[in-house]
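Trainee: Mapped onto full-length UniProt numbering, the consecutive letters of the sequence shown carry residue numbers 1 to 693. All C-beta atoms in this analysis are idealised placements derived from N, C-alpha and C, irrespective of residue type, glycine included. This one's a predicted model, so the numbers in the text were calculated from it and none came from an experiment. If you scroll down you'll find the structure; I have some questions about it.
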Amino acid sequence: MCTQKPPHDYSQQLYEKYRESFEEYITSMVLPSLREKHDEFMLRELVKRWSNHKVMVRWLSRFFHYLDRYFISRRSLPPLREVGLSCFRDLVYQEIKGKVKSAVISLIDREREGEQIDRALLKNVLDIFVEIGLGSMECYENDFEDFLLKDTADYYSIKAQTWILEDSCPDYMLKAEECLKREKERVAHYLHSSSEQKLLEKVQHELLTQYASQLLEKEHSGCHALLRDDKVEDLSRMYRLFSRITRGLEPVSQIFKQHVTNEGTALVKQAEDAASNKKPEKKDMVGLQEQIFVRKIIELHDKYVAYVTECFQGHTLFHKALKEAFEVFCNKGVSGSSNAELLATFCDNILKKGGSEKLSDEAIEDTLEKVVRLLAYISDKDLFAEFYRKKLARRLLFDKSANDEHERSILTKLKQQCGGQFTSKMEGMVTDLTVARDHQTKFEEFISNHPELNPGIDLAVTVLTTGFWPSYKSFDINLPSEMVKCVEVFKEFYQTRTKHRKLTWIYSLGTCNISAKFEAKTIELIVTTYQAALLLLFNGADRLSYSEIVTQLNLSDDDVVRLLHSLSCAKYKILNKEPSNKSISPNDVFEYNSKFTDKMRRIKIPLPPVDEKKKVVEDVDKDRRYAIDASIVRIMKSRKVLGHQQLVMECVEQLGRMFKPDFKAIKKRIEDLITRDYLERDKDNPNVYRYLA
């Protein structure tokens, strides 16, 4: 019929009859059977009828294959399959889609309430919404999905209103997480995959976005309480849930920051209170409290770094919050000591022989690593460097360093954290000691080769490079002749090694072992060079007045008072003093205490320590002035002309890695550079500077 030539070609009539046969079948058979059924029974009937209809379309399309290949393609008509399916869409789907949608959503809500439903049935029904679109998702989205999303929002809105009042924050989050999981399962079992994101966003909006602040701030169970009670699992859940919503993590990170700040500030206050309750003479106790304080800060850091990496998945917001929190309290001082000083002292206790921290090599490495990490939060890194350098100098010069490897290791860590400039002097100090040992060996060889120069006293000299070490005062003390001979011999040796270097002797750092003959026994005294010089005066006189000692030693009153106090008023009274009291005055007279004795054959007589803190701070302030000057000149040299505000900001940015320059200090340095003709003010605008080449 369709292969004949006109007028016997009935292709058009056949094409129309094809459509009519579907319409007739649907009207007489399909619609009546669907109209008489409701809810789940209607859905089952629909699935059956749709399945039958697709079989019919497939077979009839095959019978009229010739029409599809030739007649339809020539006339640009819809293909037979499309005609067959569109008949079902226009006659069946359009009539019952509302009832089907309502029945499906009703079943989904029943499942949400815990009922068992026929998921396979729902899957088959929802596949009809997709297939009926003939390649478009319009029917699924407009006739079902939009209504499902609205129903979902309404359903969870009602749930959330109840839960937020009745449940604790952890319980609410458990329910929210479970709901999200269940909705995801629904998509996997019967909804179209394109619904997943939209559906989850609706649930998140109703359960989390709408109640975010209420949930986080719940009085006894919110974010503050979870942090306070170390509820790690709940915090992890909070992160998982709030990371799903837009800007959801920001308030969580702010609460985290506030909590860490409060904990750190409480530790600072605790340390302050402990220090103020100690009597001044209990200096060791204060030092121990400071050690404990640094330990607690390290433990606090360990704890919350673990929170950031484990609970908060290493998210940048929480790294930033942790950093900002630690910067707040790590830059607060404790009983007059900055944290820069406390960290340097803490390191010293770990690295020196006989320090209060008794740790294994591994534990030392680990602790040093943590201290260096803490240093990142301290704004006055240059102050730490200077305190550390002072203490390193004492460890190296007085052979107090427990382990050279650890000394080098922390310098490597500091270099990685703060740059090569930060550690260059310290590395130079460590190298100096190695070179000094070589010098000493060569000096001993020199003496054995020139026995006529042997001073008769064992002498060890450490030659240091001026630029690396902290600055030390050099006094022209009148040395005893025995010591003068030693100095001259070493000078002679050193000139054989180099002609162009000048030696400056720092006697205040020297130590001396003296054999002292007392009536009971001979005792070896370990003293400083200054103490030794003073004691040797008594080889030539039994009694000496204060003024005679000052004249013969050529030292300042302050130094002489310290020396005499250590030898006549402290634990070991090598000298007797008249009058016999605890203070030194210009009218005092001293004599050698021949009756002195001690159970030990070798004793060390300590010199009262000088508080170096003031000098360190002064040195750092001086270095900062130079650093600000150099930074301003560098910036102006490259920019030539620059406004005041911009110059200050660039200067702060350049120097920020080592210290936070004060705006007033920068302004003062600018004025100084103007007077020294490095810069000038612009004639028309005094807030603009010009560089003078």
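Helix, strand or coil: how does DSSP classify S335 here?
Mentor: Residue state, collapsed to three classes: coil.
Trainee: Go ahead and label F443 buried or exposed: buried means 16 or more other beta carbons lie within 10 angstroms of its beta carbon, across all protein chains shown.
Mentor: With 16 or more other Cβ atoms within 10 Å, it is buried.
Trainee: For the stretch 238 to 249 against the stretch 321 to 337, do three or more pairs of beta-carbon atoms, one drawn from each stretch, fall closer than 8 Å, so that the two count as touching?
Mentor: Output reads no: the stretch 321 to 337 does not touch the stretch 238 to 249.
Trainee: Since I believe Y388 is in contact with C347 (beta carbons under 8 Å), could you give me their beta-carbon distance rounded to a whole number of angstroms?
Mentor: Contact flag correct, Cβ pair sits at about 6 Å.
Trainee: Taking the alpha-carbon of L374 as reference, which of A344, I574, D127, E386 has the nearest alpha-carbon?
Mentor: It is A344.
Trainee: Near D677, what residues of its chain come up, given a Cβ to Cβ distance below 7 Å and the 5 sequence neighbours on each side ignored?
Mentor: Once the five neighbours on either side are set aside, the close Cβ partners of D677 are L692.
Trainee: Output needed for Y91: all residues of its chain with C-beta closer than 6 Å, excluding positions within five of it in sequence on either side, in chain order.
Mentor: Reading the sequence as shown, one finds Leu at residue 91 and not Tyr. The answer, listed in chain order, is I26.
Trainee: In this structure, does DSSP put R676 in helix, strand or coil?
Mentor: DSSP places R676 in coil when its eight states are reduced to three.
Trainee: Output the distance between the C-alpha atoms of F590 and L575, rounded to the nearest integer angstrom.
Mentor: Rounded to the nearest angstrom, the two C-alpha atoms are 6 Å apart.
Trainee: Along the chain, where does the beta strand (DSSP E) that runs through L642 open and close?
Mentor: That run of the beta strand (DSSP E) goes 641 to 643.
Trainee: I'd like to know whether the C-beta atoms of H189 and R119 end up nearer to each other than 8 Å.
Mentor: Going by C-beta atoms, H189 is nearer than 8 Å to R119.
Trainee: Run through DSSP, which three-state label would K499 get?
Mentor: Coil.
Trainee: Do you know how far the Cα of K352 is from the Cα of L459?
Mentor: The alpha-carbon atoms of L459 and K352 are separated by roughly 24 Å.
Trainee: Enumerated in chain order, which unbroken segments of the alpha helix (DSSP H) with a length of 4 residues or greater are wholly contained in the stretch 204 to 268?
Mentor: Within the stretch 204 to 268, the complete alpha helix (DSSP H) runs of at least 4 residues are 212 to 216, 223 to 228, 232 to 242.
Trainee: What residues in its chain sit with their C-beta under 7 Å from that of H565, if we drop five residues either side in the sequence?
Mentor: Closer than 7 Å at the Cβ level, and outside the excluded window around H565, lie I584, P608.
Trainee: What is the DSSP secondary structure of K683, counted as helix, strand or coil?
Mentor: Three-state result, K683: coil.
Trainee: Tell me which residues share the same chain as K577 and place their Cβ nearer than 6 Å to its Cβ, disregarding the 5 neighbours each side in the sequence.
Mentor: Cβ neighbours of K577 beyond the five flanking positions: S568, D588, F590.
Trainee: Measure the beta-carbon distance from D380 to D623 and round it to whole angstroms, keeping in mind my assumption that it falls under 8 Å.
Mentor: At roughly 12 Å, the Cβ-Cβ gap does not stay under 8 Å, so D380 and D623 are not in contact.
Trainee: Please confirm if the stretch 199 to 212 is in contact with the stretch 149 to 161, defined as three or more CB-CB distances below 8 Å between the two stretches.
Mentor: Segments in contact, yes.
Trainee: M649: buried (16+ other C-beta within 10 angstroms of its C-beta) or exposed?
Mentor: By the neighbour-count rule (16 or more Cβ atoms within 10 Å), M649 is not buried but exposed.
Trainee: Touch check for the stretch 120 to 140 and the stretch 171 to 180: three-plus C-beta pairs under 8 Å?
Mentor: As far as the Cβ criterion goes, the stretch 120 to 140 does not touch the stretch 171 to 180, which means the pair count is below three.
Trainee: Just mark L679 as buried or exposed, buried being the case when its beta carbon has 16 or more other beta carbons within 10 Å.
Mentor: Buried is the call here.
Trainee: Quick one, are the C-beta atoms of K413 and E369 less than 8 Å apart?
Mentor: Yes, the pair counts as a contact, with Cβ atoms nearer than the cut-off.
Trainee: Would you tell me roughly how many angstroms separate the C-alpha atoms of Q416 and I674, rounded to the nearest one?
Mentor: Looking at the two C-alpha atoms, the distance is approximately 37 Å.
Trainee: Would you mind stating whether D143 and A103 have Cβ atoms separated by less than 8 Å?
Mentor: Not in contact: D143 and A103 (Cβ atoms no closer than 8 Å).
Trainee: Taking just the CA atoms, how far does S337 sit from I297?
Mentor: Distance between the alpha carbons of I297 and S337: 15 Å.
Trainee: What number of angstroms, rounded off, separates the C-alpha of F241 from the C-alpha of R89?
Mentor: A small fix is needed here, since residue 241 is Leu in this sequence, not Phe. Between L241 and R89, the C-alpha separation is close to 41 Å.
Trainee: Applying the criterion that 16 or more other CB atoms from any shown protein chain within 10 Å of the CB defines a buried residue, is V30 buried or exposed?
Mentor: Burial call: buried.
Trainee: Using only alpha-carbon positions, find the residue among K303, A402, T265, F446 that is nearest to residue 729.
Mentor: Outside the displayed range of the chain (1 to 693) lies residue 729, so it cannot be described from this structure.
Trainee: So, with DSSP's three-state summary, where would you put Y377?
Mentor: In the structure shown, Y377 sits in coil (DSSP, three-state: anything other than H, G, I, E or B).
Trainee: I158 to I164, Cα distance in whole Å?
Mentor: Cα to Cα, I158 sits roughly 10 Å from I164.
Trainee: Leaving out the 5 sequence neighbours to the left and right, which residues in its chain are closer than 7 Å to K48 when beta-carbon positions are compared?
Mentor: Result list for K48: empty, nothing under 7 Å.
Trainee: Give me the Cα-Cα distance between T597 and Q552, rounded to the nearest whole angstrom.
Mentor: So the two alpha carbons sit approximately 27 Å from each other.
Trainee: Inspect the beta-carbon positions of E290 and V328 and report whether they are closer than 8 Å.
Mentor: Not closer than 8 Å, so no.
Trainee: Closer than 7 Å by C-beta to S515: which residues in its own chain qualify, once you throw out the five before and the five after it? Chain order, please.
Mentor: Once the five neighbours on either side are set aside, the close Cβ partners of S515 are T522, E524.
Trainee: Any idea which residues DSSP pairs I603 with across the strands?
Mentor: DSSP, once it has assigned bridges, lists L525 as partnering I603.
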